[in-house]
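The structure appears below as structure tokens.
Number of protein chains: 2
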Amino acid sequence: MKEEVVVIEGTSKAAMHGGAINKGYSIMDLIFRVVAIIGTLGSAISMGTTNETLPFFTQFIRFKAQYDDLPTFTFFVVANSVVCAYLVLSIPVSIVHIINSRARISRLILIFFDAAMMALLTAGASAAAAIVYLAHKGNARANWFAICQQFNSFCERTSGSLIGSFASMVVFILLILLSASALARR
Amino acid sequence: MKEEVVVIEGTSKAAMHGGAINKGYSIMDLIFRVVAIIGTLGSAISMGTTNETLPFFTQFIRFKAQYDDLPTFTFFVVANSVVCAYLVLSIPVSIVHIINSRARISRLILIFFDAAMMALLTAGASAAAAIVYLAHKGNARANWFAICQQFNSFCERTSGSLIGSFASMVVFILLILLSASALARR
Numbered sequence: 001m002k003e004e005v006v007v008i009e010g011t012s013k014a015a016m017h018g019g020a021i022n023k024g025y026s027i028m029d030l031i032f033r034v035v036a037i038i039g040t041l042g043s044a045i046s047m048g049t050t051n052e053t054l055p056f057f058t059q060f061i062r063f064k065a066q067y068d069d070l071p072t073f074t075f076f077v078v079a080n081s082v083v084c085a086y087l088v089l090s091i092p093v094s095i096v097h098i099i100n101s102r103a104r105i106s107r108l109i110l111i112f113f114d115a116a117m118m119a120l121l122t123a124g125a126s127a128a129a130a131i132v133y134l135a136h137k138g139n140a141r142a143n144w145f146a147i148c149q150q151f152n153s154f155c156e157r158t159s160g161s162l163i164g165s166f167a168s169m170v171v172f173i174l175l176i177l178l179s180a181s182a183l184a185r186r
Numbered sequence: 001m002k003e004e005v006v007v008i009e010g011t012s013k014a015a016m017h018g019g020a021i022n023k024g025y026s027i028m029d030l031i032f033r034v035v036a037i038i039g040t041l042g043s044a045i046s047m048g049t050t051n052e053t054l055p056f057f058t059q060f061i062r063f064k065a066q067y068d069d070l071p072t073f074t075f076f077v078v079a080n081s082v083v084c085a086y087l088v089l090s091i092p093v094s095i096v097h098i099i100n101s102r103a104r105i106s107r108l109i110l111i112f113f114d115a116a117m118m119a120l121l122t123a124g125a126s127a128a129a130a131i132v133y134l135a136h137k138g139n140a141r142a143n144w145f146a147i148c149q150q151f152n153s154f155c156e157r158t159s160g161s162l163i164g165s166f167a168s169m170v171v172f173i174l175l176i177l178l179s180a181s182a183l184a185r186r
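Those sequence lines, one after another, are chains A and B. Using UniProt numbering, you'd call the opening residue of the first sequence number 1 and step up by one each time. Using UniProt numbering, you'd call the opening residue of the second sequence number 1 and step up by one each time.
Laid out in structure tokens, this is it:
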């Protein structure tokens, strides 16, 4: 009779220990989500507000560069905004996981959407990076000129706005790993 | 005494049932990996062997387009090759999971690397897609011309080679979901 009680106590202690670790995972999950929100929001805003008007102009043309001159940059802004909105919506779920650390289905759903959103964010960021690279270096074989020689601050701004996106991408990998660890430990 | 036996039998049946489902997940995991290997290998080969020489030439210039004229396409080939090699290396782990469906640490490691490789593959595919789009449409504001008007078969080949990559990307999302489900059911 006494042995049984000990066993049950041991099990419940182990379960409580596992629960505490899972709660820690969930809190880190929440923090990472906030970091990713800041990263994607910053990227979207800094790319979306990029424009440059050159100080010289001819009678007919004013030399002006704006982010939506290049469709890829528009996609970048849209992708970052969508991912940012998703992250804001996922925060309540993350808080529920802190309270109820044994949740299973909601974690699975979150892993699926995290993976899909990571793909979207990576697609936007690397497509924009390919265009930024082209703007800096140009391509002699395709006769594409490096526009950064004229639009200097435009190029710096667009290059800089990639950072938040790529950082958020890494955070997403960690988010997926955290959710998977919590599921494994449950 | 009899009740106890029934309870134990019930538990072991449930465990066996869970094990069978996990084995099913692991077999699907293996199949998906093979599909992704075919997709990435096909993409890498079809992009890597792309070149076109135009039938007309001047005294000094032969018009020739090759995939490595554009650094982004080189990155695409490298990314697809790396992901393909990773997938081949992950096949033994996947087979181990079919035999031992209760594995935990190895599944976690696999989820982490799957997520990282998905990011790499998506980056390569969407960067190449951005350049392919530019080659098809050009960009009037940046004075980049659509080279597809001259290099027709080159453009078709590069566009086509994106398909395998994007399909593998979707397969990776499913792979992550499968591993997470197996962890949750363990």
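Don't be surprised by glycine CBs; every beta carbon is placed ideally from N, CA and C. Everything numeric in this text was worked out from a predicted model, so none of it was measured.
C-beta contact flag for residue i and residue j at 8 Å
i, j, result
"S26 (chain B)", "H136 (chain B)", "no"
"T40 (chain A)", "L120 (chain A)", "no"
"Y67 (chain A)", "N51 (chain A)", "yes"
"S161 (chain A)", "S43 (chain A)", "yes"
"A129 (chain A)", "G138 (chain A)", "no"
"L177 (chain B)", "F112 (chain A)", "yes"
"A123 (chain A)", "F166 (chain A)", "no"
"L110 (chain B)", "S181 (chain A)", "no"
"R33 (chain A)", "I91 (chain A)", "yes"
Alpha-carbon spacing of residue i relative to residue j, whole angstroms
i, j, result
"L54 (chain B)", "I131 (chain B)", "21 Å"
"L183 (chain B)", "F73 (chain B)", "37 Å"
"K64 (chain B)", "A85 (chain A)", "45 Å"
"E9 (chain A)", "V35 (chain B)", "Since pLDDT at E9 (chain A) reaches only 49, below the 50 mark, its modelled position is unreliable, and the value read off the structure follows with that caveat. Each residue's alpha carbon lies about 48 Å from the other."
"I105 (chain B)", "L87 (chain B)", "18 Å"
"G164 (chain A)", "M117 (chain A)", "15 Å"
"L89 (chain A)", "A127 (chain B)", "28 Å"
"T49 (chain B)", "A115 (chain B)", "28 Å"
"F172 (chain A)", "V93 (chain A)", "16 Å"
"V7 (chain B)", "R102 (chain B)", "The predicted position of V7 (chain B) is uncertain, since its pLDDT is 47 and thus under 50; no value can be drawn from it."
"K82 (chain B)", "M169 (chain B)", "For clarity, residue 82 (chain B) is Val in the given sequence; the question names Lys instead. Cα to Cα, the separation comes out at about 14 Å."
"I95 (chain A)", "C155 (chain A)", "39 Å"
"L134 (chain B)", "W144 (chain B)", "8 Å"
"G24 (chain A)", "Q150 (chain B)", "59 Å"
"G19 (chain A)", "F76 (chain A)", "39 Å"
"P71 (chain A)", "P71 (chain B)", "20 Å"
"L175 (chain B)", "C148 (chain B)", "36 Å"
"S153 (chain A)", "V78 (chain A)", "22 Å"
"I37 (chain A)", "I38 (chain B)", "36 Å"
Sheet register partners of residue i (DSSP bridge)
i, result
"residue 205 (chain B)", "Nothing can be reported for residue 205 (chain B), as the shown portion of chain B is limited to 1 through 186."
"N139 (chain A)", "A:W144"
Contact belief for residue i with residue j at Cβ below 8 Å, rounded distance in angstroms
i, j, result
"S179 (chain A)", "D29 (chain A)", "7 Å"
"S46 (chain A)", "R141 (chain A)", "That belief does not hold up - the Cβ atoms of S46 (chain A) and R141 (chain A) are roughly 32 Å apart, past 8 Å."
"R185 (chain B)", "I21 (chain B)", "6 Å"
Where in the region 75 to 151 of chain B do unbroken runs of the beta strand (DSSP E), each at least 3 residues long, occur, reported from the N-terminal end onward? none
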